[in-house]
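Undergrad: The working numbering applies: residue 27 is where the sequence shown begins, and numbers increase by one.
Glycine is no exception: its CB is placed at the ideal position from the N, C-alpha and C atoms.
This one's a predicted model, so the numbers in the text were calculated from it and none came from an experiment.
Got a structure for you, written out below as structure tokens; questions coming shortly.
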Amino acid sequence: MRVLLDTHILLWWLADDPALPDRARDVIANPDTLVAVSAATVWEIAIKRALGRLDAPDDLLEALSANTFDTLAINAVHALAAGGLPAHHSDPFDRMLIAQARTEGLTLVSFDRRFCDYDVDLLPLD
27 MRVLLDTHIL LWWLADDPAL PDRARDVIAN PDTLVAVSAA TVWEIAIKRA
77 LGRLDAPDDL LEALSANTFD TLAINAVHAL AAGGLPAHHS DPFDRMLIAQ
127 ARTEGLTLVS FDRRFCDYDV DLLPLD
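Encoded structure:
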């Protein structure tokens with residue numbers, strides 16, 4: 027399986043937070059799963075952390091590496107795809123994740139119910 031983590035899922039994983047659903051925990055922990063984290067997620071965390079709105083690791087890139095998570099760069103194809111999405115979701119970071127998951131054939135791991143309005147493969151967490 028190939029998955030792309032939404033920001034809250036990544037932060038719950040890194041903090042070993044019990045809010046992380048068992049299904050997500052099992053998929054992320056599986057050595058056969060390719061786990062990707064978007065540059066958009068890293069950017070979102072950095073912005074919110076700088077504004078004091080989010081508690082996140084100081085060593086985020088080291089944490090990603092230690093967990094053998096792949097980082098997914100944002101490219102022009104992703105940008106065009108995100109810009110062309112219907113306006114169901116106004117958060118630009120989440121729109122980028124949707125576009126990247128669709129473009130790269132990744133399963134998105136998120137609790138955000140607005141993602142269901144898009145044609146994107148979501149990991150069932152219920």
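1. Take Phe-95 and list the residues in its own chain whose beta-carbon comes closer than 6 Å to its own, dropping the five residues that flank it on each side.
2. Skipping 5 residues on each side, what residues in its chain have a beta carbon closer than 8 Å to that of Val-227?
3. Do you know whose CA, among Phe-141, Phe-119, Pro-150, lies nearest Thr-67's CA?
4. In chain order, which alpha helix (DSSP H) runs of at least 4 residues are fully inside the region 92 to 122?
5. Considering only the alpha carbon of each residue, which of His-114, Asp-84, Ser-136 lies closest to Ile-54?
6. Figure out for me which residue from Trp-39, Arg-49, Ala-41 has the closest Cα to the Cα of Asp-152.
7. On a CA-only basis, which of Ala-76, Glu-130, Leu-86, Asp-81 is nearest His-104? Give me that one, please.
8. In whole angstroms, what separates the C-alpha of Ala-108 from that of Leu-87?
9. Under the assumption that Ala-65 contacts Ala-89 (Cβ atoms under 8 Å), give the Cβ distance between them as a whole number of angstroms.
10. Determine the extent of the beta strand (DSSP E) in which Leu-60 is found, giving its start and end residues.
11. Please name the residue in Met-27, Asp-32, Asp-42 whose C-alpha comes closest to that of Phe-141.
12. According to the neighbour-count rule (16 or more other Cβ atoms, all chains shown, within 10 Å of its Cβ), is Leu-106 buried or exposed?
13. Let me make sure I understand the geometry here. Which of Pro-150, Asp-85, Ala-102, Pro-112 has the alpha-carbon closest to that of Leu-37?
TA: With the structure as the only source:
1. Val-61, Val-63
2. Only positions 27 to 152 of the chain appear in the structure, and residue 227 is not among them; the question remains open.
3. Phe-119
4. 102 to 109
5. Ser-136
6. Arg-49
7. Glu-130
8. 24 Å
9. With 8 Å as the limit, Ala-65 and Ala-89 do not qualify as a contact, their Cβ atoms being about 15 Å apart.
10. 60 to 64
11. Asp-32
12. exposed
13. Asp-85
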